[in-house]
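Quick mapping for you: the protein sequence lines, in order, are chains A and B. Counting from 1, one number per residue, gives the positions in the first sequence under our numbering. Counting from 1, one number per residue, gives the positions in the second sequence under our numbering. From the three backbone atoms N, C-alpha and C, an ideal C-beta is built for every residue, glycine too.
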Amino acid sequence: MLYIKCPHCGLRSQNEFAYGGDASVKRPELNKEISDQEWDEFVYLRKSPRGKHLELWHHVSGCRQWIKVLRDTSTHEIFNTYKSEEKVG
Amino acid sequence: MQKYSFLSLIKNAFSGHKGWEVAWKDPTPKKEYDVVIIGGGGHGLATAYYLAKEHKITNIAVIEKGWIGGGNVGRNTTIIRSNYMHDENGLFYEKGMDLWRSMSQDLNFNIMFSPRGIINLAHSDAQMNAYARRGNSMRLNGIDAVLLDREEVKKKVPVLDFSDNVRFPIFGALMQPSAGTARHDAVAWGYARQADSMGVDIIQHCEVTGFDISNGKMKGIKTSRGDIKTKKVGLCVAGSTSILAEMLNMTLPIETHLLQACVSEPIKPILDHVVTFGAGHFYCSQSDKGEMVMGGDLDGYNSYAQRGNLPTLQHVLTEGIAMFPFLSKLNMLRTWGGIMDMSMDGSPIIDKTHIAGLYLNCGWCYGGFKATPASGFTFAHTIAQDRVHELNAGFRLDRFSTGHLIDEKGLGTKTWIS
């Protein structure tokens with residue numbers, strides 16, 4: 001069982017959350033000429049690293065906020081959690 | 001190579017079983033090979049075998065980080081089927097079915113292929129319609145498919161819950177009678193033994209640490225046991241593809257995810273087929289030892305840990321109990337996990353790459369085991385001829401950017417919910 005510290009609600013079990021995937025993926029800007037390659041990168045291509053992974057989770061059975069989680073994909077250790085608008089540096 | 005037979009068994013029994021040869025050698029890596037296959041799982045060993053058998057290339061090394069049979073080829077639920085709707089998948093997997101049927105003789109190794117049939121349950125009229133369509137598509141491709149009504153399912157699998165007050169009543173099912181199971185580690189051992197006998201070097205406990213590429217051409221690989229020169233490298237490392245891709249500066253339409261499976265304590269024969277739940281993700285068969293072999297959903301977040309987490313197992317087994325109420329009385333014998341490439345359309349990739357001499361075999365999602373012979377057969381062709389076989393022509397790497405996806409189930413790019 002993973003325990004995720006929601007920045008709004010505190011420590012909760014993974015059962016309350018839905019996964020949202022890689023948080024480093026950026027949607028191409030609106031109102032801009034976007035090449036097929038840029039769409040390809042946004043929609044399909046993923047780094048899928050072994051180790052630290054910044055990802056989105058949705059506290060769907062709690063406060064319903066999207067949050068960011070920095071987690072290790074090989075040990076499942078969670079290093080830190082952030083509000084969705086927080087910059088992760 | 002020593003031939004396995006009833007006679008050789010008797011002969012060796014009388015000599016105290018001291019006369020058996022090793023099944024495959026433990027060679028030191030040579031300085032150079034014609035082809036290096038990275039990944040000594042089912043697909044890698046099958047590729048080496050078909051390269052030697054079909055294309056007469058025998059100066060091959062199979063490089064394996066762990067040991068033969070220790071990865072996904074020994075961690076799956078052993079199901080073999082070709083019940084796909086799209087041509088690219090259906091024809092490819094049906095070629096595999098042909099190879100499965102003759103594999104024990106071909107490899108002189110009993111892989112215990114058991115064509116017991118797979119039954120995909122339907123729980124609504126709409127699902128029956130969808131299965132009728134899929135069944136028709138299968139039959140057009142020469143794959144056997146039978147639509148079963150509720151009574152026929154009841155006859156074949158009486159232990160299913162046919163009571164009136166269930167959340168997902170059984171309306172019927174789609175069955176592929178020629179589908180089944182095989183003993184997974186025998187597949188790895190059989191391919192390894194035959195490949196070895198034809199001169200392939202199987203190098204275990206050897207990790208690839210880098211690649212030597214110049215002017216867009218493959219020159220060799222770096223490993224924990226020294227550098228190896230080669231002009232052709234085939235990647236067969238499902239689960240770890242993204243790690244090697246990073247060494248090659250490639251980003252792939254793949255995420256690595258964790259899938260669990262489990263077996264119950266052994267019980268007397270009760271289930272004659274492979275049965276899948278139609279209102280969720282759960283599949284079940286009974287092993288020859290009597291264990292109920294079960295699996296279902298991914299754990300649901302990117303992971304390279306080859307071990308699972310209990311909430312997913314609980315969810316999967318809840319579906320199992322909805323199908324087979326008797327499962328709730330059984331003790332669990334073992335649970336385990338494996339990591340897999342989840343591709344963005346649920347279909348695999350077998351293709352050349354932008355680097356000359358680098359060939360890619362990945363993205364097998366939940367279903368790599370059944371693909372083992374067809375994958376090895378077509379990947380060997382792709383490597384030997386430097387062009388794809390017609391059966392893997394659809395499994396292109398660039399299909400995501402060109403829009404030629406093979407979205408068998410209409411899945412999106414959220415691979416963890418697919």
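Considering only the alpha carbon of each residue, which of the options lies closest to residue i?
i      : options                           : result
B/S178 : B/M198, B/E152, B/T58 and B/P115  : B/P115
A/K68  : A/S74, A/Y44, A/T75 and A/H59     : A/H59
B/H257 : B/T223, B/N59, B/M340 and B/R225  : B/M340
B/G71  : B/Y33, B/M103 and B/W189          : B/W189
B/S163 : B/T402, B/P325, B/V388 and B/I221 : B/P325
B/A238 : B/T276, B/Y366, B/D144 and B/D125 : B/Y366
B/V388 : B/H17, B/W364 and B/I349          : B/I349
A/G89  : A/W66, A/S61, A/R64 and A/L54     : A/L54
B/E255 : B/T241, B/S264 and B/C262         : B/T241
B/L174 : B/S8, B/K232, B/E152 and B/Q314   : B/E152
B/D161 : B/I143, B/V22 and B/I321          : B/I321
B/A130 : B/I118, B/I143 and B/Y84          : B/Y84
B/N361 : B/T181, B/G394 and B/K268         : B/G394
For residue i and residue j, I'd like the C-alpha separation in whole angstroms.
i      : j      : result
B/I63  : B/V36  : 7 angstroms
B/T230 : B/K31  : 9 angstroms
A/D22  : B/E319 : 28 angstroms
B/E94  : B/G368 : 14 angstroms
B/G226 : B/K217 : 20 angstroms
B/D106 : B/A48  : 15 angstroms
B/I417 : B/M103 : 34 angstroms
B/R334 : B/G363 : 27 angstroms
B/Y185 : B/V73  : For clarity, residue 185 of chain B is Asp in the given sequence; the question names Tyr instead. Their Cα atoms are separated by approximately 7 angstroms.
A/K32  : A/E38  : 11 angstroms
A/P49  : B/L244 : 10 angstroms
B/R183 : B/V274 : 14 angstroms
B/R150 : B/T276 : 15 angstroms
B/T223 : B/G39  : 12 angstroms
B/F6   : B/N110 : 12 angstroms
B/M292 : B/V316 : 14 angstroms
B/K232 : B/G357 : 4 angstroms
A/D36  : A/A18  : 30 angstroms
Using C-beta distances below 7 angstroms, list every residue in its chain close to residue i, excluding the 5 sequence neighbours before and after it, in chain order.
i      : result
B/K3   : N108
B/G96  : S82, K370, A371, P373 and A374
A/R46  : D22
B/N89  : S347, I406 and E408
A/H151 : Residue 151 of chain A lies beyond the stretch modelled for chain A, which goes from 1 to 89, so this question has no answer here.
B/M384 : Note that residue 384 of chain B corresponds to Ala in the displayed sequence, not to Met. Result list for B/A384: L51, H55 and I57, in chain order.
B/Q306 : G337, G338 and I339
Mapping DSSP to helix, strand and coil, what is residue i?
i      : result
A/E55  : strand
B/Y359 : strand
B/I118 : strand
B/L174 : strand
B/M294 : strand
B/M340 : strand
A/W66  : strand
B/R183 : coil
B/V277 : Inspection of the sequence shows that residue 277 of chain B is occupied by Phe rather than by Val. Correct three-state label for B/F277: coil.
B/R133 : helix
B/T223 : strand
B/T28  : coil
A/A23  : coil
B/T256 : strand
B/S375 : helix
B/I68  : coil
B/Q204 : coil
B/Q105 : helix
B/D149 : strand
B/M1   : coil
B/D196 : helix
B/I406 : coil
A/G10  : strand
B/Q306 : coil
Within its chain, find whatever has a CB closer than 8 angstroms to the CB of residue i; leave out the 5 residues flanking it on each side and keep chain order.
i      : result
B/T123 : First, the amino acid is wrong: residue 123 of chain B is His here, not Thr. Excluding residues within five positions, the ones whose Cβ falls inside 8 angstroms are F168, P169, I170, F171, G278 and A279.
A/Y3   : L11, R12, S13, Q14 and I78
B/M323 : L121, L160, D161, V275, F277, F282 and C284
B/M138 : S82, N83, Y84, M85, G90, D144, A145 and Q176
If you drop the 5 nearest sequence neighbours on each side, which residues of the same chain put their C-beta closer than 6 angstroms to that of residue i?
i      : result
B/H281 : G296 and D297
B/G19  : N12
B/R396 : D351
Which whole-angstrom value is the C-beta distance of residue i and residue j, which I expect to be below 8 angstroms?
i      : j      : result
B/K352 : B/T382 : 7 angstroms
B/I228 : B/G220 : 6 angstroms
B/L391 : B/L140 : The pair is not a contact, with the Cβ atoms about 16 angstroms apart (cut-off 8 angstroms).
A/D40  : B/S328 : Between B/S328 and A/D40 the Cβ distance is about 46 angstroms, and since that is not below 8 angstroms, they are no contact.
B/I202 : B/W67  : Not a contact, Cβ separation roughly 10 angstroms.
B/A192 : B/L45  : 5 angstroms
B/C206 : B/G41  : Their Cβ separation, rounded to whole angstroms, is 14 angstroms, which puts B/C206 and B/G41 out of contact at 8 angstroms.
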